[in-house]
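Student: According to the working numbering, the sequence shown is numbered sequentially starting from 684.
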Amino acid sequence: MYIGLMSGTSVDAIDVILADFIGNEIHIYAVHSHPWPQDLRDTLLTLSQAAKDQSILHDIAILDVKAGKLFAEATLAMLEQANIPKEKIDAIGSPGQTLYHHPDGNPAYTWQIGDPNVIAQITGITTVADFRRRDMAAGGQGAPLAPAFHNVYMRSSEENRGVLNIGGIANLTILLADKGQPVIGFDTGPGNALLDAFAYQQQHLRIDIDGAWAASGQIHSDLLKDMLADEYFSRSAPKSTGRDYFNLEWLSYHTLGLSLSPEDIQATLCQFTIDSIANATESYNIQRLLVCGGGVHNSLLMQGLADKLPNCKLESTEAIGINPDLVEAICFAWLARQRLNNQFSNLPSVTGAKQAVTLGGIYN
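1. Quick one: what's residue 873 bridged to in DSSP?
2. Kindly indicate which residue of 858, 826, 821 has the alpha-carbon position closest to the one of residue 839.
3. Would you kindly check if the distance between the Cβ of residue 853 and the Cβ of residue 830 is under 8 Å?
4. Under a Cβ-count criterion, where at least 16 other Cβ atoms within 10 Å of its own Cβ denotes burial, should residue 777 be classed as buried or exposed?
5. Return the first residue and the last residue of the beta strand (DSSP E) that residue 689 is part of.
6. For residue 701, count neighbouring Cβ atoms within 10 angstroms of its own Cβ and tell me buried if that reaches 16, exposed if not.
7. Relative to the alpha-carbon of residue 836, which residue among 708, 691, 684, 795 has its alpha-carbon at the smallest distance?
8. What do you reckon, are the CB atoms on residue 784 and residue 923 nearer than 8 Å?
9. Please classify residue 1037: is it buried, with 16 or more other beta-carbons within 10 angstroms of its beta-carbon, or exposed?
10. Per the DSSP calculation, residue 974 is bridged to which residue(s)?
11. Per DSSP, residue 784 is paired with what?
12. With DSSP as the reference, label residue 1047 as helix, strand or coil.
13. Which same chain residues end up closer than 7 Å to residue 1003 when comparing Cβ atoms and leaving out the 5 residues on each side of it in sequence?
14. Quick check: is the beta carbon of residue 789 nearer than 8 Å to any beta carbon in chain B?
15. For the stretch 788-807 and the stretch 1020-1032, state whether three or more C-beta atom pairs, one from each stretch, are separated by less than 8 Å.
16. What is the residue span of the beta strand (DSSP E) that residue 943 lies within?
17. In three-state terms, what does DSSP make of residue 776?
18. In terms of DSSP beta bridges, what is residue 714 paired with?
19. Can you grab the Cα-Cα spacing for the pair residue 888 / residue 880, in whole Å?
20. Going along the chain, which residues of its own chain have a beta-carbon closer than 6 Å to the beta-carbon of residue 757, five neighbours each way excluded?
21. What does the alpha-carbon distance come out to for the pair residue 906 and residue 983?
22. State the start and end residues of the unbroken beta strand (DSSP E) segment that holds residue 812.
23. Does DSSP classify residue 987 as helix, strand or coil?
24. Using three-state DSSP, classify residue 867 as helix, strand or coil.
25. Where does the unbroken alpha helix (DSSP H) through residue 904 begin, and where does it stop?
26. Please report the straight-line C-alpha distance between residue 832 and residue 739, rounded to a whole angstrom.
27. Does the Cβ of residue 690 have 16 or more other Cβ atoms within 10 Å, making it buried, or fewer, making it exposed?
28. With distance defined between alpha-carbon atoms, name the residue in 992, 787, 985, 685 nearest to residue 811.
29. Given this structure, state the Cα-to-Cα distance separating residue 935 from residue 1015, to the nearest angstrom.
30. Tell me which residue opens and which closes the alpha helix (DSSP H) that residue 751 is part of.
31. When you compare only the Cα positions, how much space is there between residue 806 and residue 796?
32. Could you give the distance in angstroms between the alpha-carbon of residue 894 and the alpha-carbon of residue 978?
33. In this structure, does DSSP put residue 858 in helix, strand or coil?
34. Residue 708 by DSSP, collapsed to three states: which one?
35. Buried or exposed for residue 918, going by 16 or more other Cβ atoms inside 10 Å?
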């Protein structure tokens, strides 16, 4: 059995799942959601948007250890809750918590915290971590990694499918019915990141539940057009991005000089997420779009996507038996299994890597 950890760019909680993979079936034995303490969450969000100056290196080093301890704590809490001895676990797959992701830098780099040495030591369980940098070393973007998992467990020979994960950043996987065609996958842009950050800044809300606050405002067409003109959206895949780019500083640049109410800005941000996802999706002949991640619970966002993509059946991954809140954590449990079995698990057609490679370091 394998444990998958996931803490996305929204930094809302650490998702922990216990799973096994038998043939083409996924078996889930236990799940646990472990909240980030508010002080650690605030520090993470600040550092992920901070200027890259050496004065913060001390804070990052401390946070790396603290995050590792929290990942270990979350793992042990789930095992205790499920009454499963750790000796039955083959490995933990931990993607860490992303601080910076710059795949187009020279050199390219990505940085996740949550020290796997600490996780392995505290839990006594083999830990597989640091998945992204191996793909990046091979010339890839280091993200998204989930399309390889989607390809194995969500592809259908009967219809063209898309898998849309709406986390802090939204990413899209294209799975054509013709299995001879390569998998396509990329980050479409912000998912919940700007919505959550602005709601917290203005209302001290961790999330805008059901988009209720956004629904109280009016969409500002000029601001929307300006944000959609960002050069990221005109770039071709492979591409990936993060909160270190799409953040409140980015938003402030685009709203400078505008006299808009916070409600109108939130409404425009919601439409911005909808349009950026729809624009990225509509060029593919997708018949069914399976949605996962926190955004699946935002009814305003989901209805907006349905309106923009009328020829595509939009539904939660629950429709194929996979909890939409657990897809990413299950993915990293699977990636840990792939690494222990020395199986390639990146997709060069998705990340742009020069070759398929094994992902992750093993910490015993």
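Here a beta-carbon is modelled for each residue, glycine too, at the ideal position from N, C-alpha and C.
Just so we're clear, the structure is a prediction, and the values are computed from it rather than from any experiment.
Tutor: Reading from the atomic positions:
1. In the DSSP output, where bridge partners are listed per residue, residue 873 has 852.
2. Between residue 839 and the set 858, 826, 821, the nearest pair of CA atoms involves 858.
3. A distance of 8 Å or more separates the beta carbons of residue 830 and residue 853.
4. Burial is judged here by how many other beta carbons sit within 10 angstroms of a residue's own beta carbon; residue 777 has at least 16 and is buried.
5. Bounds of the beta strand (DSSP E) holding residue 689 are 685-689.
6. So residue 701 counts as buried.
7. The shortest Cα separation from residue 836 among 708, 691, 684, 795 belongs to 708.
8. With a cutoff of 8 Å on beta-carbon distance, residue 784 and residue 923 are scored as near each other.
9. Exposed, since its Cβ has fewer than 16 Cβ neighbours within 10 Å.
10. 847, 999, per the DSSP bridge assignment.
11. According to DSSP, which records beta bridges pairwise, residue 784 is partnered with 793.
12. Assignment of residue 1047 by DSSP, reduced to helix, strand and coil, places it in the coil class.
13. Same-chain partners within the cutoff: 837, 973.
14. The chain inventory of the structure shown lacks chain B, comprising one protein chain alone.
15. Counting Cβ pairs under 8 Å, fewer than three are found: no touch.
16. No beta strand (DSSP E) contains residue 943, which DSSP labels as neither H nor E.
17. Reduced to three states, the DSSP call for residue 776 is strand.
18. In the DSSP output, where bridge partners are listed per residue, residue 714 has 700.
19. The alpha-carbon atoms of residue 888 and residue 880 are separated by roughly 9 Å.
20. Excluding sequence neighbours, residue 757 sits near 697, 699, 717.
21. Distance between the alpha carbons of residue 906 and residue 983 is about 19 Å.
22. Counting along the chain, the beta strand (DSSP E) containing residue 812 begins and ends at 810-812.
23. Residue 987: helix per DSSP, three-state reduction.
24. Three-state DSSP puts residue 867 in a strand.
25. The continuous alpha helix (DSSP H) containing residue 904 extends over residues 904-911.
26. Their Cα atoms are separated by approximately 35 Å.
27. Here residue 690 is buried. Its C-beta has 16 or more other C-beta atoms within 10 Å.
28. Here the closest residue by C-alpha is 685.
29. Straight-line Cα distance between these residues: approximately 34 Å.
30. Run containing residue 751: 740-765, per the alpha helix (DSSP H) assignment.
31. In a straight line, the C-alpha of residue 806 is about 17 Å away from that of residue 796.
32. Taking the CA atoms as reference points, residue 894 sits about 10 Å from residue 978.
33. Strand, per DSSP.
34. In this structure, residue 708 counts as strand in the three-state DSSP scheme.
35. Exposed is the call here.
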